[in-house]
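Report on the following structure.
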Amino acid sequence: MSSFKPGKIERVAGPVIVAGDMLGAQMYEVVRVGDQGLIGEIIKIEQDRATVQVYEETAGIRPGEKVERSGKPLSVELGPGITGQIYDGIQRPLTILFEKTGPFVRRGLTLPPIDKGKKWHFVPTTKSHATVTAGDIIGHVKETSLITQQIMIPQNLSGKITSIVNEGDYTVGEPVGELDSPGGPVPLFMLNTWPVRTARGFKRKLPSNTPLLTGQRIIDFFFPIAKGGTATIPGAFGTGKTMAQQQLAKWADASVIVYVGCGERGNEMAEVLETFPKLVDPRSGEPIMNRTVLIANTSNMPIAAREASVYTGITIAEYYRDMGYDVALMADSTSRWAEAMREISGRLEEMPGEEGYPAYLASKLAEFYERSGRVEVLGSDTRVGSISIVGAVSPPGGDFSEPVTQNTLRIAKVFWSLDTDLAARRHFPAINWLTSYSLYTDILDDWYRKEIGPEWTMMRKEAMNLLQRDDELREIVMLVGPDALSESQRVILETARMIKEDFLMQAAYNPSDTYCDKIKIDLMIKLILDYHKIMQKAVDENIPLQKILDLPVKIEIDRMRLTAADNFPSFAERIEEELNKEFKSIGGK
Amino acid sequence: MSLAGLEYTTIKEISGPLLFVESVRGVGYGELARIKTPSGEERRGQVLEIGGGVAVVQVFEGTTGLDVGKTRVRFTGETVKLPVSNDMLGRIFDGSGRPIDGGPRIIPDDYLDVNGNPINPFAREYPREFIQTGISTIDGMNTLVRGQKLPLFSASGLPHNAVAAQIARQAKVVGSDEPFTTIFAAMGITADELRYFRDDFEKQGAFDHVTMFVNLADDPAIERILTPRLALTAAEYFAIKQGNHVLVILTDMTNYAESLREISAAREEVPGRRGYPGYMYTDLATIYERAGRLHGTKGSITQMPILTMPGDDKTHPVPDLTGYITEGQLMVDRSLHRKGIYPPIDPAPSLSRLMKEGIGKGKTREDHREVSDQLYYAFAEGRSFRDLVAVVGEEALSARDKLYLQFADEFERKFINQGLYENRDIDTTLDLGWNLLSVLPETELKRIDPATIKKWLPKNRGKNN
Ligand SMILES: Nc1ncnc2c1ncn2[C@@H]1O[C@H](COP(=O)(O)OP(=O)(O)OP(=O)(O)O)[C@@H](O)[C@H]1O
Ligand SMILES: [Mg+2]
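Protein sequences, first through last, are from chains A and B.
The numbering used here puts the first residue of the first sequence at 951, with every later residue one more than the last.
The numbering used here puts the first residue of the second sequence at 6, with every later residue one more than the last.
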């Protein structure tokens, strides 16, 4: 039904087609390809020829078939009904696709991302004659038990409200008000669209000075990410990227989670779909699915839609940010996204850069991560929202020197470096404590001091120092044997072992250990460092180290991560007392 | 408008496995082409690219004997399809799906597109039914579940075929008598290797629920692109239409990847690592992701691809990309094999990602997870002292460290090592684990809950029951 004259397919090569007779077509315009009307997007224009990446399988498409233009860029629908959904890379609801076509994804279907028939309870918060600008809230809708959607003036509009509906139930397609804008009267809807390749606007960026607490000890204590920050988690296969991302999606203290399964396994999405509705958010007691949006373009789904999935995800994240929410976006895996770019670029016969990736790989990655941040959003009131991005990277052969890892490291501020040896030893999360880093630790210090106490930063430095010494001492042991160490050096090895095995290891499958709140983290590390002091004292007082290691209280410390958070403060207090008592009982002072 | 049926003699160029056919009209991407050689033989091909009146066709049976002039090409207007029926059980087909066992033609129940369609992730049911293979390192530490894709990473000279055959022989879901329907796809393996599997299936009288698709080392290489897809199409037919539980063995995926590389080179594509095409991840995914369970269907597809790692290198693109797609891997290890340990599966680099949901109370045993974790820890710890001992001698170790060292040896000899026909049930495997762990002091069993120790540690067991 487009008013444009259709073009004609001239060439088909996998996910890329070339069409002629396309004069007037625009870059990134959505087109329907072939007699089946497959969805595609224009990615190159040469005179009247357009090259199109097709988001669906192109088997059977023939030269001569038509290509219809839509006149619009690839966009997502934004409005109530997104949260809790699972979409493919171009925002087709997989639930409805399943109802329509069964277990296999069939081609050529257009499905509305948002249910147009469903009524939402709209509560207006503005009045007629109010002067409004882009981003101003005109009302709200309770989307799920965890999310209240603020209905905002679209980003390109401003003017005077001429009418607004009464509180009541409306579909997303019914106008809830009217705006007298400089361009004339415009109806206002709960549903709006936005082109995915264009970042949504905001007033200004703010410093990221609050941690995104994840409940994962090695992250929150050693390598924190800030709300609005960026982190990358590269690792060979099986080292724990997906587990880490899922742990963050489950437990991070963000208000909205956008989880992009980009070119990865179907069963991993099935797992999220089965487990998230049953898991309860530790802060609100509500199912975490009620704050989650899933974008799933698995490895066997068309590759061009994989390229788009990341943009679909970040645009949805920006929409919730604009309401004033803290959003966290997980992208698993950005390598598959980069590979999709590489494949399309190869089909366009562009000059390949490093390892065949297009020369613009670095700038695409940077543009994506730049859509994160803590910002003052549009609107005449002052609202702050944030997007934190955590991107997994899957380096070939586990070799971090490859282009995707390296270009990501130049942008992301937190590096969680996954280690194949740790994974093989089943030390999970297999984040290497010596090579990882966070550039947020300093800026977050204030927050820790205020919210937890001054000891946090000191303890972090002390524990890291011990781990570093441990590494050096282990090298010596490997060369000359353990006998070469002094007692006080052995103390360091023992403490480091406790830090690694009793603190940094965290079992995602154990309900008592999967999430660890900040108070418990603080007390756990404190117990270990106190034990360390007792060991040092023992050495000074010539008490054999083995005697300290055999204290009954040690076994309790070894298992302390299984003690529930609620009981932890009293548990820690008791352990401290017993530690001192037992130390005295073997002659310590 | 279909122009199917027109015969073209307009071959412009033949390059490796590819034909370039000129002046074609109405030909679609991915379409099946039938090629008549000058000697009258028929071959099959698939359109890889179409444009400017030229169709690029990959010929599955190879281009040997084709010429410019007399060779004729007909485009069928259809994608490559496999005729399927229940009668395929007990039968052997070549790598393009033609019977080679002298049996009758298959009367098809349906014709299915060999490329399948991607499964909607929303339609997937998370796999969680324990498959007992009777092999301790698998069942105890890298548990396989119905609907999983779990490859064997091996290398030349290692007994991966014996391991795969033993798994196929012993695999069962506890409490169910339903046998697995086994689909076996051979890509470029030797006739000896094939005979090994065939004899093994026949010996157990299991051949009537086996279907084989066979491309041997001396068969056309490009056909290997098709072979696993045929096998999986048959598997989908049995799993979805017939409700069977299907086990698919694909061997050797390294040969498959080499054929993929050959086509890519012939197309003059920008090569990726070691000359393999950049899209190999996606291509392999379209094979491996055809496994799993679906809501509303009874059957399942469990995949066990076998691949040989060139130079024993697991960072080689074939094992590497496979590991990024499959739900874990079983690593066949040369040093264990040299020590005479069978099956030489090293648990440390092996992994079953779906184990967590397949084990525990009501599935295997409540202590399973903890025993497995503790075994992993103890084996890794014990092994780590081996290098040290080589440098400084055993005397330098503490009593604790010596215990671990001894544990690692015992673990290899008693737990990993087992007979080719030894079928250990899960209780036997877990009890064996406990026995080995009981040489360590109880305070070392940090991965196990005290309550579990109280109930399951051998010395405590008599007291409870
Ligand atoms: N925190 C954890 N606790 C317990 N087990 C873990 C943890 N992290 C990872 N694992 C184990 O490691 C396995 C592999 O993890 P995961 O699937 O996240 O790897 P990955 O890096 O995403 O691999 P791929 O690149 O192949 O997708 C999991 O199936 C699980 O057994
Ligand atoms: Mg993963």
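Think of the CB as a built atom: it goes at the ideal place given N, C-alpha and C, for glycine as much as any other residue.
LYS1153(A): which of THR1083(A), ALA1186(A) and GLU1221(A) sits nearest, CA to CA? Within the first sequence, residue 1153(A) is the residue found at index 203, counting from 1. Of the listed residues, the one whose Cα sits closest to LYS1153(A) is THR1083(A).
Exposure of GLY1134(A), with buried meaning 16 or more beta-carbon neighbours within 10 Å: Along the first sequence, read from residue 1 onward, the residue named residue 1134(A) stands at position 184. Residue burial annotation: GLY1134(A) is exposed, with fewer than 16 other C-beta atoms found within 10 angstroms of its C-beta.
Counting Cβ pairs closer than 8 Å, one from the segment 1120-1137 of chain A and one from the segment 1037-1055 of chain A, do we hit at least three? no
Anything in the segment 126-139 of chain B with a Cβ closer than 9 Å to a Cβ of chain A? List those residues in chain order, please. Listed in sequence order: PRO126, PHE127, ALA128, ARG129, GLU130, TYR131 and PRO132.
Quick one: does MET1510(A) have its CB under 8 Å from some CB of chain B? Taking the first residue of the first sequence as 1, we reach residue 1510(A) at position 560. Chain B, which has no Cβ nearer than 8 Å to the Cβ of MET1510(A), makes this no.
Environment of MET1140(A) [buried if 16+ CB atoms lie within 10 Å]: Taking the first sequence and counting its residues from 1, the one referred to as residue 1140(A) is at position 190. So MET1140(A) counts as buried.
Taking the beta strand (DSSP E) that TYR1270(A) belongs to, which residues open and close that run? Start at 1 with the first residue of the first sequence, and residue 1270(A) comes out as number 320. Premise fails: TYR1270(A) lies in the alpha helix (DSSP H), 1253-1273, not in any beta strand (DSSP E).
Is the CB of TYR1459(A) under 8 Å away from at least one CB in chain B? By one-based count along the first sequence, residue 1459(A) stands at place 509. Under the Cβ distance rule, TYR1459(A) counts among the residues neighbouring chain B, one pair being separated by less than 8 Å.
Under 9 Å between beta-carbons, which chain B residues line up against MET1448(A)? List them in chain order, please. Counted from its first residue, the first sequence places residue 1448(A) at position 498. By Cβ distance, chain B contributes nothing, its closest Cβ being about 11 Å from MET1448(A), past 9 Å.
Top-ranked residue by Cα proximity to LYS1497(A), from SER1113(A), GLU1437(A) and GLN1197(A): Translated into positions along the first sequence, residue 1497(A) becomes position 547. It is GLU1437(A) whose Cα lies nearest to the Cα of LYS1497(A).
TRP1144(A) - containing beta strand (DSSP E), residue span: The sequence position of residue 1144(A) within the first sequence is 194, counting from 1. Judged by DSSP secondary structure, TRP1144(A) falls within the beta strand (DSSP E) whose first and last residues are 1142-1145.
DSSP three-state call for PHE1620(A): helix, strand or coil? What the structure shows of chain A is the stretch from 951 to 1539, and residue 1620(A) is not part of that stretch, so it cannot be assessed.
In its own chain, which residues sit with a C-beta less than 6 Å from the C-beta of THR238(B), not counting the 5 before and 5 after it? Counting from 1 along the second sequence, the entry for residue 238(B) is found at position 233. Excluding sequence neighbours, THR238(B) sits near LEU87, LEU117 and VAL119.
Against chain A, does ALA471(B) count as a neighbour if the rule is that its beta carbon must be under 8 Å from one of theirs? The shown model of chain B, from 6 to 470, leaves out residue 471(B), and the question about it has no answer.
What first and last residue would you give for the alpha helix (DSSP H) that runs through ILE268(B)? Here residue 268(B) corresponds to residue number 263 of the second sequence, with the count starting at 1. 258-271 is the extent of the alpha helix (DSSP H) around ILE268(B).
If you run the structure through DSSP and keep just helix, strand and coil, what is TYR1387(A)? Start at 1 with the first residue of the first sequence, and residue 1387(A) comes out as number 437. Reduced to three states, the DSSP call for TYR1387(A) is strand.
Quick test of the definition: if touching needs 3 or more C-beta pairs under 8 Å, does the segment 1005-1015 of chain A touch the segment 972-989 of chain A? yes
Whole angstroms are fine: how far does the CA of GLU1300(A) sit from the CA of LYS1314(A)? Along the first sequence, read from residue 1 onward, the residue named residue 1314(A) stands at position 364. Along the first sequence, read from residue 1 onward, the residue named residue 1300(A) stands at position 350. C-alpha separation (whole angstroms): 16 Å.
Any heavy atom of ligand 2 closer than 7 Å to the beta-carbon of THR1192(A)? As a position in the first sequence, residue 1192(A) is number 242, starting the count at 1. Flag set: Cβ of THR1192(A) near ligand 2.
Where MET1102(A) sits in the DSSP three-state scheme: For the purposes of this step, residue 1102(A) is taken as residue 152 along the first sequence, with counting starting at 1. Reduced to three states, the DSSP call for MET1102(A) is strand.
Is it buried or exposed, TYR1390(A), if we count other Cβ atoms within 10 angstroms and call 16 or more buried? What you label residue 1390(A) is simply residue 440 of the first sequence in a count that begins at 1. Counting Cβ neighbours within 10 Å, TYR1390(A) comes out buried, since at least 16 surround it.
Shorter than 8 Å from the beta carbon of GLU27(B) to some beta carbon of chain A? For the purposes of this step, residue 27(B) is taken as residue 22 along the second sequence, with counting starting at 1. Chain A contact via Cβ: absent.
Answer yes if the segment 63-76 of chain B comes into contact with the segment 211-221 of chain B, meaning at least three C-beta pairs across the two stretches below 8 Å, and no otherwise. no
Go through its chain and collect everything with a Cβ distance to PHE412(B)'s Cβ below 7 Å, but skip five positions before and after it. Indexing the second sequence from 1 puts residue 412(B) at position 407. Closer than 7 Å at Cβ, skipping near neighbours: ALA383, GLY387, LEU441, VAL444 and LEU445.
Which stretch, first to last residue, makes up the beta strand (DSSP E) that contains PRO956(A)? Here residue 956(A) refers to the residue found at position 6 of the first sequence. Neither: PRO956(A) is in no beta strand (DSSP E) and is coded neither H nor E.
When the distance is taken between beta carbons, is ARG1324(A) closer than 8 Å to GLU1268(A)? In the first sequence, residue 1268(A) corresponds to position 318, counting from 1. In the first sequence, residue 1324(A) corresponds to position 374, counting from 1. Contact: no.
Along chain A, which residues have their Cβ under 7 Å away from the Cβ of LEU356(B)? Along the second sequence, read from residue 1 onward, the residue named residue 356(B) stands at position 351. Result: GLY1188.
In the DSSP assignment, the beta strand (DSSP E) including PRO352(B) goes from what residue to what residue? By 1-based counting over the second sequence, the position of residue 352(B) is 347. Looking at the DSSP string, the run of the beta strand (DSSP E) that includes PRO352(B) is 350-357.
Does the Cβ of PRO156(B) lie closer than 7 Å to at least one heavy atom of ligand 1? For this step, residue 156(B) is matched to residue 151 along the second sequence. Between ligand 1 and the CB of PRO156(B), the shortest heavy atom gap is not smaller than 7 Å.
Return the CA-CA distance between ASP1452(A) and ASP197(B), expressed in angstroms with no decimal places. Within the first sequence, numbered from 1, the residue matching residue 1452(A) stands at position 502. Within the second sequence, numbered from 1, the residue matching residue 197(B) stands at position 192. ASP1452(A) and ASP197(B): Cα-Cα distance of roughly 52 Å.
Closer than 9 Å by beta-carbon distance: list the chain B residues that pair up with ILE1294(A), in chain order. Numbered from 1 along the first sequence, position 344 holds the residue referred to as residue 1294(A). Below the 9 Å Cβ cutoff, chain B contributes no neighbours of ILE1294(A), its closest Cβ being approximately 10 Å away.
Check whether chain A comes within 8 Å of VAL396(B), counting only Cβ atoms and requiring the distance to be less than that. On the second sequence, residue 396(B) is found 391 positions in, with the first residue counted as 1. Yes, because at least one Cβ of chain A sits closer than 8 Å to the Cβ of VAL396(B).
Taking buried to mean at least 16 other C-beta atoms within 10 Å of its own C-beta, is MET6(B) buried or exposed? Here residue 6(B) corresponds to residue number 1 of the second sequence, with the count starting at 1. The pLDDT assigned to MET6(B) is 44, lower than 50, so where the model puts this residue is not dependable; a value taken from the coordinates is nonetheless given after this. Exposed.
Residues of its chain near PRO104(B), where Cβ-Cβ distance is below 8 Å and the 5 sequence neighbours each way are ignored: Within the second sequence, the letter at position 99 stands for residue 104(B). Once the five neighbours on either side are set aside, the close Cβ partners of PRO104(B) are ARG96, ILE97, PHE98, ARG110 and ILE111.
Three-state secondary structure assigned by DSSP to LYS1314(A): The residue given as residue 1314(A) occupies position 364 in the first sequence. Helix, per DSSP.
Cβ-Cβ separation, GLY990(A) to VAL1004(A) (assumed contact under 8 Å), whole Å: Indexing the first sequence from 1 puts residue 1004(A) at position 54. Indexing the first sequence from 1 puts residue 990(A) at position 40. With 8 Å as the limit, VAL1004(A) and GLY990(A) qualify as a contact, their Cβ atoms being about 4 Å apart.
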